[in-house]
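One structure is given below, encoded as structure tokens.
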Amino acid sequence: MLKNGDKYIELYNILTPEAFCPNLIRLGRSGDGGKWICNPFALMNLEHPCIFYSFGLNNEVSFEQELLNITKNKCWEHTIIDQLLSVPICQILIEIHDVHQGFTKPVVMKPHQNVYNFLHFASLKGFYLIHFETGDADCENKMLLIAIPSRPTDFKRRMELRGSWLKNITSKITYRFFIGYTADIVIKKSCLYEAEVYNDMIITDLFDSYATLMYKTYVLLNWQQTFCKQVKYTLKIDDDTILNVPRLMYWIKKEFDKEYDAADGKIIFGTTLEAVNLKTNFSIKWNPNQKGIEYCQGFTYLVSSIAAKLILPMTSREEFIKAEDVMFTGLLAEHAGVQRSHKPKHFTKAIHPETPIKTDCGCDENEVPYLTSVYIHTQMNFKTFSKQLEDFDCEESKNISRIQFFASCFA
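Residue 342 in my numbering sits at position 341 of the sequence shown, with consecutive numbering throughout.
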């Protein structure tokens, strides 16, 4: 939804269709709600999907109903509006797709399910589609969801992750890759097939790009709250980051859970910085000369389910910005009263791209390394570096210089 009514009218006027069409047909009601469209019946025999962008809804969905019926759901319809939709209309839109696709409501999940959810920011409102293959979100008796944003084209990267550190997840953990829309039909079909085979992918119809990463973060948190609310934590981790899963579970039990209890569950763990200028300049949290929005760096952060539940409604209070970590773990967390816990020894970046696991942050009294996840700046062999992270030598870490420790665990 466009926030400013004038902007909506300007966009509507610019994109008003002016075309000669001998088969101009009106779908929907004759008054508000219906729309003129050029020969929609030609779409019945399409062999590929299409997208419609519809301006205006006015709490009436007869056009959407007829369009889906005619195209037999081959075309997705996106509506741009300048007012909030009523709850009954939102429910009707969900039911429309249930009826025409043969899917039940989100609370009763079946295989190959498509579900529409509502996206709401201060400058944007609309529906997005999520597709997942499983009839069970596999979250019962789970404590942790690992959520991994991924691009449609990164099949090789996903396979490397499946074959390396993701193999170490326990019965208390589940994971999902979150992928956006691509116009490439071959890649799209490949992703749907991959989702069917591995049963670990959430695919949306939101266009996939770095600029829309914030939407993907919204989707993964919203999916957790809708289909995986049983978990206590969600670990958002980039696909160019390696993780030692047993070590994460150790630190959650030993350290993070205590802070969770002290904060009444309203907490996010990560390597925190301060955003001084939301577009360009960033400063490290503990710099006393800088003041700004505290946030957790996006390569890895652990957000509690309670915090996610409080953060999501806050999206309606903020305009879109591209820095998803600043947005969700900074601005929105601040609005929601969610604490950020600084854990640079657990979640860090590699300082030596050639041998990234030389990054060293020390060990505790039980000889368990603090280092839990490492963001890598270069192409790498995930199996090799996951093994290096697993084989971390606490004896060697005792000889680390103060300068190297500072660079590894705080920069």
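Even for Gly, the Cβ is constructed at its ideal location relative to N, Cα and C.
Q: For the segment 144-200, list the alpha helix (DSSP H) runs that are entirely contained and at least 4 residues long, ordered along the chain.
A: Fully enclosed alpha helix (DSSP H) runs of 4 or longer: 156-163 and 186-199.
Q.
Let me check understanding here. Comparing Cα to Cα, which of Phe-42, Gly-29 and Ala-43 lies closest to Gln-66?
A. Along the sequence shown, read from residue 1 onward, the residue named residue 66 stands at position 65. Residue nearest to Gln-66 within the set Phe-42, Gly-29 and Ala-43 is Gly-29 (criterion: CA-CA distance).
Q. What residues are listed by DSSP as bridge partners for Glu-27?
A. Locating residue 27 in the sequence shown gives position 26, counting from the first residue. With the sequence shown as reference, residue 27 is identified as Arg, and Glu is not the correct amino acid for it. The partner list for Arg-27 (beta bridge, DSSP) reads Trp-37.
Q) For Asp-139, which of Tyr-176, Val-246, His-336 and Leu-207 has the nearest alpha-carbon? A) Taking the first residue of the sequence shown as position 1, residue 139 is located at position 138. The residue with the shortest Cα to Cα distance from Asp-139 is Tyr-176.
Q | Assigned exposure category for Ser-342 - 16 Cβ within 10 Å defines buried | A | As a working mapping, residue 342 is identified with position 341 in the sequence shown. That one is buried.
Q) Can you tell me whether Val-220 is buried or exposed, with buried defined as 16 or more other CB within 10 angstroms of its CB? A) Residue numbering aside, residue 220 sits at position 219 when the sequence shown is read from its first letter. Of the residues assessed, Val-220 falls on the buried side of the cut-off, its CB having 16 or more other CB atoms within 10 angstroms.
Q: Assign Met-250 to buried or exposed, taking buried as 16 or more other Cβ atoms, counted over all protein chains shown, within 10 Å of its Cβ.
A: Counting from one through the sequence shown, the residue named residue 250 turns up at place 249. Residue environment: Met-250 is assigned as buried (16 or more neighbouring CB atoms within 10 Å of its CB, all protein chains considered).
Q | Alpha carbon of Tyr-376 to alpha carbon of Gln-389, nearest angstrom | A | Residue numbering aside, residue 376 sits at position 375 when the sequence shown is read from its first letter. Residue numbering aside, residue 389 sits at position 388 when the sequence shown is read from its first letter. Going by the C-alpha atoms only, they are around 14 Å apart.
**Q.** Residue from Phe-42, Asp-239, Lys-168 and Thr-205 with nearest C-alpha to Trp-224
**A.** By 1-based counting over the sequence shown, the position of residue 224 is 223. Distance from the Cα of Trp-224 is smallest, within the candidate group Phe-42, Asp-239, Lys-168 and Thr-205, for Thr-205.
(Q) In whole angstroms, give me the CA-to-CA distance for Leu-313 and Cys-22. (A) Along the sequence shown, one-based indexing puts residue 313 at 312. Along the sequence shown, one-based indexing puts residue 22 at 21. Spanning the alpha carbons of Leu-313 and Cys-22 requires a straight line of approximately 44 Å.
(Q) Residues in the same chain with beta-carbon distance under 7 Å from Glu-161, minus the five sequence neighbours each way, listed in chain order, please. (A) The count along the sequence shown starts at 1 and reaches residue 161 at position 160. Within the same chain, Glu-161 has close Cβ partners Phe-383.
Q | Three-pair Cβ contact test at 8 Å for the segment 253-269 versus the segment 295-305 | A | Counting Cβ pairs under 8 Å, three or more are found: they touch.
Q) Near Val-232, which residues of its chain fall below 8 Å by C-beta distance, leaving aside the five closest residues on each side in sequence? A) Here residue 232 corresponds to residue number 231 of the sequence shown, with the count starting at 1. So the list reads Cys-140, Lys-143, Met-144, Leu-145, Leu-146, Thr-175, Gln-225 and Ser-306, once near-sequence residues are dropped.
(Q) Assuming Met-250 is part of the alpha helix (DSSP H), what are its boundary residues? (A) In the sequence shown, counting from the first residue as 1, residue 250 sits at position 249. It spans 246-252 - the alpha helix (DSSP H) in which Met-250 sits, taken as one unbroken run.
Q) Do the segment 148-161 and the segment 176-193 touch if we need at least three Cβ pairs shorter than 8 Å? A) A contact exists between the segment 148-161 and the segment 176-193.
Q. Where do the ends of the alpha helix (DSSP H) carrying Leu-332 lie?
A. Here residue 332 corresponds to residue number 331 of the sequence shown, with the count starting at 1. First-last for Leu-332: undefined, no H or E at that position.
(Q) Taking only three categories from DSSP, how would you classify Gln-340? (A) Here residue 340 refers to the residue found at position 339 when the sequence shown is read from its first residue. In the structure shown, Gln-340 sits in a strand (DSSP, three-state: E or B).
Q. Got a sec, what are the start and stop residues for the beta strand (DSSP E) Ser-63 sits in?
A. By 1-based counting over the sequence shown, the position of residue 63 is 62. Looking at the DSSP string, Ser-63 is not in any beta strand (DSSP E); the run it does join, the alpha helix (DSSP H), is 63-72.
**Q.** Cβ neighbours of Tyr-371 in the same chain (closer than 8 Å, five flanking residues each side left out)
**A.** The sequence position of residue 371 within the sequence shown is 370, counting from 1. For Tyr-371, the CB contacts under 8 Å within the same chain, skipping 5 residues up- and downstream, are Trp-252, Lys-346, His-347, Cys-362, Gly-363, Cys-364, Asp-365 and Cys-410 in chain order.
(Q) Between which residues of its own chain and Ala-212 is the CB-CB distance below 7 Å, once the five residues before and five after are set aside? (A) For the purposes of this step, residue 212 is taken as residue 211 along the sequence shown, with counting starting at 1. In the same chain as Ala-212, and ignoring 5 residues on each side of it, the C-beta atoms closer than 7 Å to its own belong to Lys-323, in chain order.
**Q.** Three-way DSSP call (helix, strand, coil) for Ile-294 in this model
**A.** Stepping through the sequence shown from its first residue, residue 294 is reached at position 293. In the structure shown, the three-state DSSP call for Ile-294 is strand.
Q. How should Thr-105 be labelled, buried or exposed, when 16 other C-beta atoms within 10 angstroms of its C-beta is the threshold for buried?
A. Taking the sequence shown and counting its residues from 1, one reaches residue 105 at position 104. With a pLDDT of only 27 at Thr-105, under 50, the local geometry of the prediction cannot be trusted, and no value is derived from it.
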